[in-house]
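Beneath this line is the structure, given in structure tokens, with notes to follow.
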Amino acid sequence: MNELIRFSDEQAMLLETASAFCREKSPIHAVRALLGSDHGYDRGVWEEIVALGWPALAIPENFGGSGLSLAEAAAIAEPMGRHLMAVPFASCQIFVAGVLAGADAALQAAVLPRIAGGAIGTVALFEQEGDWSLTAGEAFGARDGETVVLSGAKTFVCDAAVAGFVLVSFVLDGAPALAVLTEIAPERLRREIVIDETQRGYRLDLDGISVPMSKIMTGTRALAALDAVRDAALLLNAAAAAGGIAGVLDVTVEYLNTRTAFGRKIGSFQSLKHTCAEILVGLERTRSHVWHAASVLGSNQDAEIALRMAKTEAGEVFTFAGDRAVQFHGGFGFTFDCDAQLFLRRALWLEYSFGDGAHHRRWLADLLLA
Amino acid sequence: MNELEDFRREVAAWFRENRPAEPDFLLPESFMEVGSDAQFAYLRDWQRKIYEAGYLGMAWPKEYGGGGKAQAFQDIVNAEMAAQKVPFVPNTIGLNWAGPLILAIGTEEDKRRYIKGILNAEDIWCQGFSEPDQGSDLANSQTRAVRDGDSYVLNGSKIWTSLGTYAKYMILLARTNPQQPRYEGLSYFLVPMRTPGIELQPIRKLTGEYGFTQTFFRDARIPAASLMGKEGEGWKIAMLTLTFERGATGGQAGGVSRVALGLGDVVEMAKTARRDGRPALEDPFIRDQIVRFAIEDRGDQLCRARAEIPALCAERPNAIPLSNKLRVSEHRRRLLRFALSLQGANAARWVGDADATGGGKWQRAYFNSFSSTIGGGTSQIQANIVGERVLGLPKD
Ligand SMILES: Cc1cc2nc3c(=O)[nH]c(=O)nc-3n(C[C@H](O)[C@H](O)[C@H](O)COP(=O)(O)OP(=O)(O)OC[C@H]3O[C@@H](n4cnc5c(N)ncnc54)[C@H](O)[C@@H]3O)c2cc1C
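Residue numbers (our numbering), protein chains in the order written: chain Z, -19 to 350; chain E, 205 to 600.
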């Protein structure tokens, strides 16, 4: 009887299956081979993932999904992070979380079965200034009869070029609102050059897009959707980072057990060994935070505290582990060929998505210290 | 689960009603700083009272004096003692290291002879591992034990013997065969301390307190039956002892062994401490620091919860237990140093000063926090253990 962490047989099975799947489908040479590709992922692999039903895990059964939750999705996100797999899995989960929390029944029925059938969804939340606040954006909508016309632009819209649906945030009548966009014209997208070459981020030009009110969430629905989007993003981001820490620690330990200097394995030098121990300690704490957060998701304030703690710990430990991985490989660590950089880039990408440690600690201070 | 809930209520009420009166002397912070007879008698009586109420050794076998119940009951008692900050129980080495060891590998006679006295604090235990010339390098222990008829004769010296002054028994690591390689030459003994030839020299700690001794053996003759296991098994048994000591294994009798100043106390202090005329708790950097500690603290608590779920520890099952001491003790040391900084200029006061915050208990607690980063294997040694045994890195 464990009150803090619940981990079902279902989750355990998914974790095991997904670990084997990602190990097989995403060896490091495959990750590298995709760096220069258009969409950053292997279509065949994604089709297998769709066939396994993973994008539809948290979609209710009446919409063609499995009726599970993000707690199960996290069991897939962790191994994906470990093997640097880049598929639109997290984009879809975050999109679905927003739609489930904020869309009315008709909109859900219009969208969710399509995702369950393999269509890709993503979210468009951030803007030029790089502010992490989900309600500080300046994109806005102007009413025009039964439709709303959008203006402004969004940035870091992941996987937008392959997305059939985009959940976009904007201001309507002075308050946060969200719209589900379909069929984004390619000329509205500009691919961004991002630090993690496994990821695909786009700038989305909203000017003049006209959306019917039936696809718009306002008021408390919009706020609920934004909270759900944030929660989903924090959990999956932290789970992916937990996987990443384990992955980069493997790379480092492997090198420390092979490379020699001064006639000994470099892993026998304590400044390296003890730093690895410190990373291991961070990994253990991170995984504990992540699986606790997954257990309390949906329980209001407890969940918010747990998620922000998980994101903070995961992000900082992963970046530290990636940074040290580069250093501990010496001159080789400075090369593009060394895998340390792949992990460091992923770590920075994750840390600076949805708020870094200092950002979340400020929120946590208010939640914990009054 | 209702049974546990009822039990929690019963225990909470019992500790509220039976908490001993505040003594007119300063209580030590942990079992390692028991330095006066008055302190010792107070804490020993308190342990006996808890045991007699049935709240110690609850998960130990009934036939030896335990409660024969599930561990969950003892966990509730421990949590309640910590939450109510009642005085600690002094026989930590008996309850948590020697006791579980005897139950795990002792003879039937050992169990009948020792367990009850450990629980009711009749028999205080101490540990003779470290020596003046070697501590981290425990396998290099040189104290000699020579078999002579029905006895072993001990010569040499152990040091940093916590509770040495009050102990009736010692778990001792000594060399029976200097010809053999360092590990094989060691043996393990359960030593009666009131043996002629065993002498104690109290040592003063960095806080000014007492609580450990140097222990001298000069032709001290102990019964041959004091040997635990066989000759040459000392190292193996010492390592098993350390898994209990470092909290890497269950089986302990329970009870808390220190009154811990925790994060909650730090937050309270931050409300009264001042920065630029305002409560320190409003300072954004102090808030950031406190949240950092909160995330770590929570992380360790959650590690204990995750350790119970095999599917979430599959890859490195020993990672959480073997990193436990390092994580918890280093966190605590840094937290207490931060607590001093919160006091502003008053951080420079010491125990006994009329204006010292909390009578100087924070300063004392910070100094005493090194007991856990040094004692029981230093943090540097713990980091080696994590690096080598958890991650598989080569030895130094
Ligand atoms: C409060 C307290 C209570 C204690 N109670 C007891 C007790 O009851 N019974 C008992 O037997 N012992 C007890 N000890 C002793 C304790 O176990 C030892 O002090 C400890 O193991 C360190 O040994 P040492 O003092 O010989 O230090 P040393 O081994 O001399 O270490 C000195 C420094 O060198 C570092 N060092 C040593 N080897 C290495 C290495 N391989 N790699 C990196 N760094 C290294 C250490 O980390 C330390 O910082 C107690 C200690 C304290 C502080």
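For every residue, glycine included, the Cβ atom is placed at its ideal position computed from N, Cα and C.
Computed from a predicted structure; not experimentally measured.
Does the separation of the CB atoms of residue i and residue j fall below 8 Å?
i                      : j                      : result
residue 59 of chain Z  : residue 138 of chain Z : no
residue 511 of chain E : residue 517 of chain E : yes
residue 178 of chain Z : residue 64 of chain Z  : yes
residue 323 of chain E : residue 315 of chain E : no
residue 209 of chain Z : residue 145 of chain Z : no
residue 255 of chain Z : residue 294 of chain Z : no
residue 333 of chain E : residue 424 of chain E : no
residue 291 of chain E : residue 224 of chain E : yes
residue 294 of chain E : residue 328 of chain E : yes
residue 327 of chain Z : residue 221 of chain Z : yes
residue 340 of chain E : residue 297 of chain E : no
residue 36 of chain Z  : residue 95 of chain Z  : yes
residue 426 of chain E : residue 400 of chain E : no
residue 387 of chain Z : residue 159 of chain Z : This structure does not reach residue 387 of chain Z, given that chain Z is present from -19 up to 350, and the question cannot be answered.
residue 114 of chain Z : residue 149 of chain Z : yes
residue 460 of chain E : residue 494 of chain E : no
residue 82 of chain Z  : residue 204 of chain Z : yes
residue 564 of chain E : residue 554 of chain E : yes
residue 231 of chain E : residue 233 of chain Z : no
residue 57 of chain Z  : residue 14 of chain Z  : no
residue 136 of chain Z : residue 98 of chain Z  : no
Residue i to residue j, Cα distance in whole Å?
i                      : j                      : result
residue 330 of chain Z : residue 62 of chain Z  : 13 Å
residue 213 of chain E : residue 246 of chain E : 26 Å
residue 585 of chain E : residue 44 of chain Z  : 55 Å
residue 350 of chain Z : residue 477 of chain E : 16 Å
residue 342 of chain Z : residue 434 of chain E : 58 Å
residue -19 of chain Z : residue 513 of chain E : Low local confidence applies: a pLDDT of 46 at residue -19 of chain Z is under 50, so the model's placement there is unreliable, and no value is given.
residue 453 of chain E : residue 402 of chain E : 32 Å
residue 379 of chain E : residue 519 of chain E : 38 Å
residue 368 of chain E : residue 362 of chain E : 10 Å
residue 580 of chain E : residue 100 of chain Z : 55 Å
residue 372 of chain E : residue 547 of chain E : 42 Å
residue 324 of chain Z : residue 314 of chain Z : 12 Å
residue 412 of chain E : residue 568 of chain E : 10 Å
residue 174 of chain Z : residue 296 of chain Z : 19 Å
residue 276 of chain Z : residue 415 of chain E : 45 Å
residue 250 of chain Z : residue 492 of chain E : 30 Å
residue 259 of chain E : residue 221 of chain E : 14 Å
residue 219 of chain E : residue 256 of chain E : 13 Å
residue 110 of chain Z : residue 147 of chain Z : 18 Å
residue 313 of chain E : residue 336 of chain E : 33 Å
residue 46 of chain Z  : residue 590 of chain E : 40 Å
residue 339 of chain Z : residue 288 of chain Z : 9 Å
residue 140 of chain Z : residue 38 of chain Z  : 21 Å
residue 132 of chain Z : residue 183 of chain Z : 11 Å
residue 252 of chain Z : residue 202 of chain Z : 49 Å
residue 318 of chain E : residue 456 of chain E : 15 Å
residue -13 of chain Z : residue 32 of chain Z  : 21 Å
residue 350 of chain E : residue 360 of chain E : 12 Å
residue 587 of chain E : residue 128 of chain Z : 60 Å
Hey, residue i and residue j are a contact pair by Cβ (cut 8 Å); roughly how many whole angstroms apart?
i                      : j                      : result
residue 550 of chain E : residue 561 of chain E : 5 Å
residue -9 of chain Z  : residue 86 of chain Z  : Going by Cβ atoms, the distance from residue -9 of chain Z to residue 86 of chain Z rounds to 32 Å, so no, they are not a contact pair.
residue 337 of chain Z : residue 320 of chain Z : Not confirmed; about 21 Å, so no contact.
residue 112 of chain Z : residue 334 of chain Z : 6 Å
residue 358 of chain E : residue 438 of chain E : Wrong, their Cβ atoms sit about 13 Å apart, outside the cutoff.
residue 278 of chain E : residue 263 of chain E : 5 Å
residue 531 of chain E : residue 261 of chain Z : 5 Å
Strictly under 8 Å for the Cβ-Cβ distance: is residue i near chain B by that measure?
i                      : result
residue 293 of chain Z : Protein chains in the displayed structure are Z and E, and chain B is not among them.
Taking three-plus beta-carbon pairs below 8 Å as touching, is the stretch 264 to 273 of chain E in contact with the stretch 281 to 290 of chain E? Verdict: no, contact absent.
Taking 8 Å as the cut-off, does the stretch 462 to 479 of chain E touch the stretch 298 to 313 of chain Z (at least 3 CB pairs, one atom from each stretch)? no
Mind the definition here: the stretch 444 to 461 of chain E touches the stretch 294 to 301 of chain E only if three or more C-beta pairs lie below 8 Å; say whether that holds. yes
Taking 8 Å as the threshold, find out whether the stretch 260 to 280 of chain Z comes into contact with the stretch 208 to 218 of chain Z through three or more Cβ pairs. yes
Check whether the stretch 236 to 256 of chain Z touches the stretch 182 to 202 of chain Z, counting contact only when three or more Cβ pairs, one atom from each stretch, lie closer than 8 Å. At 8 Å Cβ cutoff, the stretches do not touch.
At least 3 beta-carbon pairs within less than 8 Å: the stretch 535 to 543 of chain E vs the stretch 3 to 23 of chain Z: no
Would you check if the stretch 391 to 411 of chain E and the stretch 426 to 433 of chain E touch, i.e. whether three or more CB-CB distances between them fall below 8 Å? yes
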